[in-house]
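The opening residue of the sequence shown carries number 934 in this note's numbering; numbering runs sequentially from there.
One structure is given here, and the rest of the page talks about it.
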Amino acid sequence: GQPPVIWAPGAPGTCLLLLCSNVCTQYGMEAKLRPRIHPRRLELHSPDSSAGGNKKKGSNMKFSFTLALSGVFLAYILHSMWTLYTLYYPKRCGKNEACIRPTWTAESRFQFFFCTSSSTKIRSVNDLTVIWSENEFDIFKTSERQLNVTLPQKTLRNGTLHAYVLLLERKEHEPVRTVEQLLGHSSTSLGAGSLTRHLVPQDEEISLIGSATAKPEVKQKPARAKVPQTHWNPKVEVSIMSDPFPLKTNQVPAEISHLLQINSKRQYVPIIHMTDVTTREKDFVPVNKTVPQLPLKIVINPITIGRLRLMVTVNEALKSMHSFGLTTKDTDEVKGIFFDTNFYVLLMTLLVSGFHLLFDFLAFKNDVNFWRSKKTFEGLSLRGVLWRGLSQVIVFFYLLDEDTSRIVLFTSAVGAVIELWKVTKALKMNVCFIGWRLRIQFGTTSDEEKKTNELDSEGMKYLLYILYPLCVGGAIYSLLYQSYRSWYSWCIHSLANGVYAFGFLFMLPQLFLNYRLKSVAHLPWRVFMYKAFNTFIDDLFAFIITMPTAHRVACFRDDAVFLVYLYQRWLYPVDKTRVNEFGESFEKSSKKPKKE
């Protein structure tokens, strides 16, 4: 299949938390959350900065800070969950209260018209083209219809096309009304939405060297200005609030007040909501002048007032999310979290997203503190450090090639800078200027560090025999049978595929060292557990977020390593006097010097 999309695990949680913050703000809660995340998977090299037990007092203070931060963050997440719950399940108006009641009941049937028009305002019935109509329409059931729509010339010339839904309750023994009569009726429900969107066309992918299945007539087009073009939405969803929910007169929800159509009897008609909040950008297809007829699938969904409020609020929050640097692709993924899952799954996702960000922050803080004070690197896998720095750089350029949002690019860039800084620490690099000349100096390597490098080399030697042929073979296969925008795109995609393979294999040398040493004494469990918990949270997002199968499988690779590591911890005894792979010894040897 296509090369997997590199997905920063922190990004979906960040999008969800930021969006929920906007949703709660739209709903009336002034919440400002700007979490700082570090998009990395599970790493076995990041110990706690308070490792070694040398600073017990500082360790207690850090524990108090962590506990306080966790408590405040958990309180915020629970408050946000309660806010969303009250948004989704509002209180009904009582019998003896002043209410705005619905005009329909559970037995009502309606006249239904689905029309298209190239005009944004309907002045007469001549502006409408009816493509679907029913005289006994049931708004309490889901209805679908597959149609072929002929686009007008205005739309084909980079114009727009709109959809209009008209709905009127049909009383018993009443005659069938025309579209013109529905337009002039005071109790007609009217909903409008767009069937097109102006998007920048994606660069065409081509076969770089050709193959048996490649199309010979496809040629790479020269670079041109990114001009938005009309794109067609092949599927439109119409949401009708079918639940006859009585509203309190003095407590009408602000987010749906502009959608209410109230008659002289203080009653409101069914609310029709048409929006592209459930539509993904990837589903749109470019409009071609030579193909004036395009397929359209219409889905009519009955919804409750709670889901209507959530849809309207999320739609407004998504518009404000672009100010944080999120693109339409990012908001599309967040749409899937809100509307492709159950509401209670949404609440659970919000909760675990909060923990994901909290663990990311705590792991990042302890990771940086440890490396800043690190002096000796015996027991540390130098190849693992070098690889993590290289892989972060590859991921950054891959995301840049995929035109990812600025917020994801920023977090990826921060991760790359931090990993490269670790490389300089592990290599003991010292950059200095002698006059106008730049000089890079390297520190000396101790005997213990040399021994560690020998074990590290032994652990990777056999893995590389398998790894190199697979990566080279995969790159050649993708070059022959897959399409790319350019040679650079093929190179960066091939390297990204290598990141998946290397990212897994470079977690194995630590297990090999544990096996050779028959011990896992005093590894940094605090930071390690933070990141281990995040891998299981990422597994949850792997089922919710849309992603390639290859990347979904990759989300579970860290779990396997973590389980093997737990098995090693149970299998091997703990010797606290032996130096671990981070160069730490948590207890001094109890041996006494021999007396002469």
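Heads up, the beta-carbon is just placed ideally off N, CA and C, and yes, glycines get one too.
Measure the alpha-carbon distance for residue i versus residue j and round it to whole angstroms.
i: Asn1068; j: Asp1265; result: 35 Å
i: Tyr1277; j: Arg1240; result: 12 Å
i: Leu899; j: Thr1053; result: Because residue 899 is not part of the residues shown, which for the chain are 934 to 1529, the question remains open.
i: Gln1200; j: Leu1180; result: 10 Å
i: Leu1002; j: Gly1287; result: 12 Å
i: Ile1373; j: Leu1319; result: 17 Å
i: Leu1192; j: Val1245; result: 10 Å
i: Leu1123; j: Tyr1097; result: 7 Å
i: Lys1168; j: Lys1361; result: 58 Å
i: Ala1429; j: Leu1290; result: 25 Å
i: Ala1008; j: Val1202; result: 39 Å
i: Cys1365; j: Lys1358; result: 15 Å
i: Leu1412; j: Tyr1421; result: 12 Å
i: Met1254; j: Ala1296; result: 27 Å
i: Gly1027; j: Glu1105; result: 29 Å
i: Gly1004; j: Ala1250; result: 27 Å
i: Phe1445; j: Phe1330; result: 31 Å
i: Thr999; j: Thr1282; result: 22 Å
Taking the Cβ atom as the reference point for each residue, do residue i and residue j lie within a distance shorter than 9 Å?
i: Val1112; j: Cys1048; result: yes
i: Leu1101; j: Ser1120; result: yes
i: Ala1031; j: Thr1182; result: yes
i: Ser1076; j: Thr1062; result: no
i: Met1174; j: Ile1204; result: yes
i: Trp1304; j: Lys1355; result: yes
i: Arg1321; j: Glu1352; result: yes
i: Val1405; j: Ser1324; result: no
i: Tyr1463; j: Phe1292; result: yes
i: Leu1227; j: Asn1029; result: no
i: Leu1070; j: Arg1025; result: Before going on, a small fix: residue 1070 reads as Phe here, not Leu. Result no, Cβ atoms of Phe1070 and Arg1025 do not sit closer than 9 Å.
i: Asn1091; j: Gln1162; result: yes
i: Phe1073; j: Pro1235; result: yes
i: Asn1363; j: Phe1375; result: yes
i: Ile1055; j: Leu1116; result: yes
i: Arg1449; j: Leu1499; result: no
i: Leu1441; j: Leu1396; result: yes
Under a Cβ-count criterion, where at least 16 other Cβ atoms within 10 Å of its own Cβ denotes burial, should residue i be classed as buried or exposed?
i: Arg1242; result: buried
i: Leu1504; result: exposed
i: Gln1079; result: exposed
i: Gln1044; result: buried
i: Trp1165; result: buried
i: Pro1134; result: exposed
i: Asp1300; result: buried
i: Leu1403; result: exposed
i: Lys1298; result: buried
i: Thr1344; result: buried
i: Tyr1401; result: exposed
i: Asp1380; result: exposed
i: Lys1017; result: As written in the sequence, residue 1017 is Leu, which differs from the Lys given in the question. Classification for Leu1017: buried.
i: Phe1489; result: exposed
i: Thr1212; result: buried
Which residues in the same chain as residue i place their Cβ atom closer than 8 Å to its Cβ, once the five residues preceding and following it in sequence are excluded?
i: Asp1492; result: Thr1468, Phe1469 and Asp1472
i: Ala1156; result: Confidence at Ala1156 is low in this model, with a pLDDT of 43, below 50, so its placement is unreliable and no value can be given for it.
i: Lys1394; result: none
Can you determine whether any heavy atom of the ligand ZN sits closer than 8 Å to the C-beta of residue i, and answer yes or no?
i: Asn1467; result: Annotation note on the ligand ZN: not contained in the displayed structure, which lists no ligands.
Ordered along the chain, which non-local residues of its own chain (more than five positions away) have a Cβ less than 7 Å from that of residue i?
i: Pro1225; result: Thr1083, Leu1084 and Leu1089
i: Arg1284; result: The displayed chain sequence assigns Leu, not Arg, to residue 1284. Here the set comprises Ile1010 and Met1014.
i: Ile1238; result: Pro1023, Met1174, Asp1176 and Phe1178
i: Thr1261; result: Glu1214
i: Arg1370; result: none
i: Trp1037; result: Glu1102, Pro1177 and Pro1203
i: His1118; result: Leu1101
i: Phe1006; result: Gly1287 and Leu1291
Identify, in the order they occur along the chain, each residue of the same chain with its Cβ nearer than 6 Å to the Cβ of residue i, setting aside the five sequence neighbours on each side.
i: Val1171; result: Val1098, Met1207 and Ile1233
i: Glu1188; result: Arg1242, Val1245 and Thr1246
i: Tyr1186; result: Before going further, note that residue 1186 is Pro rather than Tyr in the sequence given. Hits under 6 Å: Arg1242.
i: Lys1230; result: Gln1079 and Lys1168
i: Val1326; result: Ala1349
i: Arg878; result: In this structure the chain extends from 934 to 1529, so residue 878 is not present and cannot be described.
i: Asp1060; result: Ser1050 and Ser1052
i: Lys1087; result: Ser1051
Does the segment 1321–1337 come close enough to the segment 1423–1433 that 3 or more CB-CB pairs lie under 8 Å?
-> Yes: at least three Cβ pairs fall under 8 Å.
Does the segment 1128–1135 come close enough to the segment 1215–1224 to have 3 or more Cβ pairs within less than 8 Å?
-> yes
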